[in-house]
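Counting in the working numbering, the sequence shown tops out at residue 212, every number present.
Everything on this sheet refers to the single structure shown next.
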Amino acid sequence: PKNIEKMRDFIAVRPGWGIKSRFDLFNRLRQIDNGGHRKKFEELGMHISSLSEEEYRELLEKTKGDNEKLQEIRIVKKYYEELGEKSIMAWDYGRDICLCRWGYMAGYVSEEEAWTRIMAVAQMLQNKFDSWEDLGRNYLIGRQFWSYEKTKEEGHLFEDAYQRLLDMKSSPWNKYPWDMDLTDTKEVGDANKVSKEQQINGK
Numbered sequence: 010p011k012n013i014e015k016m017r018d019f020i021a022v023r024p025g026w027g028i029k030s031r032f033d034l035f036n037r038l039r040q041i042d043n044g045g046h047r048k049k050f051e052e053l054g055m056h057i058s059s060l061s062e063e064e065y066r067e068l069l070e071k072t073k074g075d076n077e078k079l080q081e082i083r084i085v086k087k088y089y090e091e092l093g094e095k096s097i098m099a100w101d102y103g104r105d106i107c108l109c110r111w112g113y114m115a116g117y118v119s120e121e122e123a124w125t126r127i128m129a130v131a132q133m134l135q136n137k138f139d140s141w142e143d144l145g146r147n148y149l150i151g152r153q154f155w156s157y158e159k160t161k162e163e164g165h166l167f168e169d170a171y172q173r174l175l176d177m178k179s180s181p182w183n184k185y186p187w188d189m190d191l192t193d194t195k196e197v198g199d200a201n202k203v204s205k206e207q208q209i210n211g212k
């Protein structure tokens, strides 16, 4: 990969990551496997589901002034039951795939190592979700849960990117069916060429 040092500097200071070695990279990937942001989402969801409406209003009142916590509570209240077992898996594992790409570009993993994990994650997501639209929406919900400030600053950019991926005829979401055979290396390779041309920088 080109510009290895530049990418290493990038992911070393990236908020929430601080990856400075191969060990750090695999530690972050392990954290995602062990629950990621799903863990907090699900724990909060179980708690909020047990509250009466009066208790829920009291919780909001107690949290007033803390926008990050209020955001978490409201997102969980709105989506926890609807998402069910999917939780915010697309958010966590979308970041996982991004880390694999960055890890390769930083020289911390080989291309083969990166693709092995990416394809395993892709197959898992394909089995869990129903469509590109379903996956993308789940990612956006997860991102909203993750950060009030980032949603406020950049949420509209991600919403716009999501809509363009749905609407544009040249979008990989429209060119490649959701149920494409992920064991077909030629089909996957063609899809990867498109995705490299139309990447959205993961955050």
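Heads up, the beta-carbon is just placed ideally off N, CA and C, and yes, glycines get one too.
Only a predicted model underlies this, so the values are computations on that prediction, with no experimental measurement involved.
Using a Cβ distance threshold of 8 Å, determine whether the stretch 23-41 contacts the stretch 114-121, with at least three qualifying pairs required.
yes
How is K212 classed by DSSP in three states: helix, strand or coil?
Residue placement at K212 is flagged as unreliable, the pLDDT there being 39, under the threshold of 50; the coordinate-derived value follows with that caveat. Coil, per DSSP.
Please report how far the alpha carbon of N43 lies from the alpha carbon of M98, in whole angstroms.
Take the alpha-carbon of N43 and the one of M98: they are about 12 Å apart.
Within a Cβ cutoff of 8 Å, which residues of the same chain sit near I82, ignoring the five residues on either side of it in sequence?
For I82, where only same-chain residues beyond five positions count, the Cβ hits under 8 Å are L53, I57, L68, L69 and T72.
Please report the straight-line C-alpha distance between Y148 and N12, rounded to a whole angstrom.
About 29 Å.
Quick test of your reading: G164 and Q153, contact by CB under 8 Å. State the CB separation rounded to the nearest angstrom.
For G164 against Q153, the beta-carbon gap comes to about 7 Å, under 8 Å, which counts as contact.
Can you grab the Cα-Cα spacing for the pair L166 / D188, in whole Å?
27 Å
Since C109 contacts A123 with CB under 8 Å, what's their CB separation in whole angstroms?
4 Å
Under three-state DSSP, which class holds F138?
In the structure shown, F138 sits in coil (DSSP, three-state: anything other than H, G, I, E or B).
Ordered along the chain, which non-local residues of its own chain (more than five positions away) have a Cβ less than 8 Å from that of H46?
I97, W100, D101, G151, F154 and W155
Should M16 be labelled buried (16 or more other beta-carbon atoms within 10 Å of its own) or exposed?
buried
Using the C-alpha atoms, what's the distance from W141 back to K184?
Distance between the alpha carbons of K184 and W141: 11 Å.
Please say whether L191 and W182 have beta carbons closer to each other than 9 Å?
no
Going by the beta-carbon positions, is the gap between G112 and I20 smaller than 9 Å?
Cβ distance < 9 Å, so G112 and I20 count as in contact.
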